[in-house]
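Visitor: Structure in structure tokens, see below.
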Amino acid sequence: MADFFRGRRLRSTAALRALVSEHHVTAQDLIMPYFVVDTDDAAFRKEIPSMPGQFQLSLQEFEKQLAEAVAAGLKSILLFGIPKCKDATGSEGYAEDGIVQRAVRLAKSRHPQLVVITDVCLCEYTDHGHCGILQKTEHDVTVANDSTLTLLQQVAISHAKAGADIVAPSDMMDGRIQALREALDAEGFTNLPIMSYAVKYASSFYGPFRDAAESTPQSGDRKSYQMDPANSREALREATADVLEEADFLMVKPAGAYLDIIRMLRDGFDLPLAAYQVSGEYSMIMAAAQNDWIDLDAVTMESLLAIKRAGADLIITYFAEDIIKRGLVQ
Ligand SMILES: [Zn+2]
11 MADFFRGRRL
21 RSTAALRALV
31 SEHHVTAQDL
41 IMPYFVVDTD
51 DAAFRKEIPS
61 MPGQFQLSLQ
71 EFEKQLAEAV
81 AAGLKSILLF
91 GIPKCKDATG
101 SEGYAEDGIV
111 QRAVRLAKSR
121 HPQLVVITDV
131 CLCEYTDHGH
141 CGILQKTEHD
151 VTVANDSTLT
161 LLQQVAISHA
171 KAGADIVAPS
181 DMMDGRIQAL
191 REALDAEGFT
201 NLPIMSYAVK
211 YASSFYGPFR
221 DAAESTPQSG
231 DRKSYQMDPA
241 NSREALREAT
251 ADVLEEADFL
261 MVKPAGAYLD
271 IIRMLRDGFD
281 LPLAAYQVSG
291 EYSMIMAAAQ
301 NDWIDLDAVT
311 MESLLAIKRA
321 GADLIITYFA
331 EDIIKRGLVQ
């Protein structure tokens, strides 16, 4: 009799491996982000150079692409808008007929069963590219926390009125979950869930997104409100605050380089946990695959499986539409 562990027994056939597989990625877990542009050109469809396969879309093009994706099995989307005009307070972000508000109405009218999540932030709508209102201090310019909350409330309410199923604040202002909850409740949206970007790092992996959403800060960076990548205990404080303020989901962003943080939140909290596989993670996989250095499908699926294994229930990923359409996930 062997006196060592024969782990290979359970790996000997594909059927056995499937039987004992601990984690799975399914279409139900995946949320697809879209970038919708306010434009008079109905046929507008522009590939994002740093994100091959991802497009900025006019409302009409979005409608077409979404119809195909939903027919293939896509269940949830996350919407970002690119307005015609930007200003200091990001007013297109909370305009009743803003681009995201129109995209929500369109998506829900065509696909009532689709889960439509909206990004609640101001950086795509401000001319300076920051996530809130700028305030001059003695030595510096910074994003004013409390006055930004008032605008974020307006953004969330405008999304709720348009028919969003979930609002997802990504701004990283302090107290925003409480502010949004109060505002939504006051307007009668007591049942509208908030998916908090609870733990959002000031990450360099966001680079390609800023091309896509045209939201690069004109000056400075976002390190005074997003988290320092060196910190993990701080993630618990951020998540705890959001739970106390009544968030319905927590999120970790980015995902692949922050699997330890996903696991920490999974172990520490019982809310549904989302992870955002960000633009840079997508672009790195795509670039290497286009060079034939890696196998696109295998690496994509492994990257998503790792995020599930780390503890995420849901994954926001730019791969969602493609892998659902091609049947890589069911
Ligand atoms: Zn932002």
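So for the sequence shown, the working numbering puts the first residue at 11; every next one is plus one.
Ideal placement from N, C-alpha and C gives every residue a C-beta, glycine not left out.
Check T99 in the structure and name its three-state DSSP category.
Guide: If DSSP states are grouped into helix, strand and coil, T99 belongs with coil.
Visitor: For M341, does the three-state DSSP call read helix, strand or coil?
Guide: There is simply no residue 341 to check, as the chain begins at 11 and stops at 340 in what is shown.
Visitor: CB-CB under 7 Å to A343, same chain, minus the five flanking residues each way: which ones, in chain order?
Guide: No statement about residue 343 is possible, as the shown extent of the chain runs from 11 to 340 and does not include it.
Visitor: Run the proximity test for D184: is its beta-carbon closer than 7 Å to any non-hydrogen atom belonging to ligand 1?
Guide: No - ligand 1 has no heavy atom lying nearer than 7 Å to the Cβ of D184.
Visitor: Rounded to the nearest angstrom, what separates G337 and V125 at their Cα positions?
Guide: Those two C-alpha atoms are separated by around 20 Å.
Visitor: Is the distance from the Cβ of I109 to the Cβ of A174 below 8 Å?
Guide: Result no, Cβ atoms of I109 and A174 do not sit closer than 8 Å.
Visitor: Please tell me whether I334 and L84 are closer than 8 Å, where the distance is taken between their beta carbons.
Guide: Yes, the Cβ-Cβ distance between I334 and L84 is below 8 Å.
Visitor: Measuring alpha carbon to alpha carbon, tell me which residue in G217, A189, R115 and L40 is nearest Q164.
Guide: Cα-wise, what sits closest to Q164 is A189.
Visitor: Please list the terminal residues of the continuous alpha helix (DSSP H) segment that includes F219.
Guide: G217 to A223 is the span of the alpha helix (DSSP H), which, as asked, contains F219.
Visitor: Taking 8 Å as the limit between beta carbons, can you name the residues of its chain near R115, skipping five residues before and five after?
Guide: Closer than 8 Å at Cβ, skipping near neighbours: A172 and G173.
Visitor: Reducing DSSP to helix, strand and coil, say where M237 ends up.
Guide: Here M237 sits in strand by DSSP.
Visitor: Flag this pair as yes or no: are the beta carbons of M42 and A77 separated by less than 8 Å?
Guide: Taking 8 Å as the Cβ cut-off, M42 and A77 do not qualify as a contacting pair.
Visitor: Indicate, with yes or no, if ligand 1 has a heavy atom lying under 7 Å from the CB of C141.
Guide: Yes; taking the cut-off as 7 Å, the Cβ of C141 has a heavy atom of ligand 1 nearer than that.
Visitor: For D129, which of S119, E197, C141 and K118 has the nearest alpha-carbon?
Guide: It is C141 whose Cα lies nearest to the Cα of D129.
Visitor: Count the other CB atoms within 10 Å of the CB of H149; is the residue buried (16 or more) or exposed (fewer)?
Guide: So H149 ends up on the exposed side.
Visitor: Taking 8 Å as the threshold (C-beta atoms), are I92 and A178 in contact?
Guide: No. Outside cutoff.
Visitor: Helix or strand or just coil, what does DSSP make of T250?
Guide: DSSP places T250 in helix when its eight states are reduced to three.
Visitor: For T23, count the other beta carbons within 10 Å of its own beta carbon; 16 or more makes it buried, fewer makes it exposed. Which is it?
Guide: Exposed is the call here.
Visitor: Please confirm whether S242 and D277 have their CB atoms less than 8 Å apart.
Guide: Against a cut-off of 8 Å, the Cβ pair of D277 and S242 comes out as no contact.
Visitor: List in chain order: all unbroken beta strand (DSSP E) runs of 3+ residues lying wholly within the segment 278-336.
Guide: Runs of the beta strand (DSSP E) inside the segment 278-336: 283-287 and 324-327.
Visitor: What are the partner residues of M183, as DSSP defines its beta bridges?
Guide: DSSP output for M183 lists no bridge partner at all.
Visitor: Enumerate in chain order the residues of its own chain whose CB-to-CB distance from A298 is below 6 Å, with the five nearest sequence positions on each side excluded.
Guide: Same-chain partners within the cutoff: I304.
Visitor: When we look at the beta-carbon of A53 and count the other beta-carbons within 10 Å, is it buried (16 or more) or exposed?
Guide: Exposed.
Visitor: Should A267 and L40 be called a contact, given that it needs their Cβ atoms to be closer than 8 Å?
Guide: Not closer than 8 Å, so no.
Visitor: Compute the distance between the beta-carbons of A98 and H33, then report whether it is under 8 Å.
Guide: No. Outside cutoff.
Visitor: Within 10 Å of its beta-carbon, does Q123 have 16 or more other beta-carbons around it, so buried, or fewer, so exposed?
Guide: Its Cβ having fewer than 16 others within 10 Å, Q123 is exposed.
Visitor: Let's test the definition: count the other Cβ atoms within 10 Å of the Cβ of R16 and tell me whether it reaches 16, buried, or not, exposed.
Guide: So R16 counts as exposed.
Visitor: Given that a residue counts as buried once 16 or more other Cβ atoms are within 10 Å of its Cβ, and exposed if not, what is D302?
Guide: Result: exposed.
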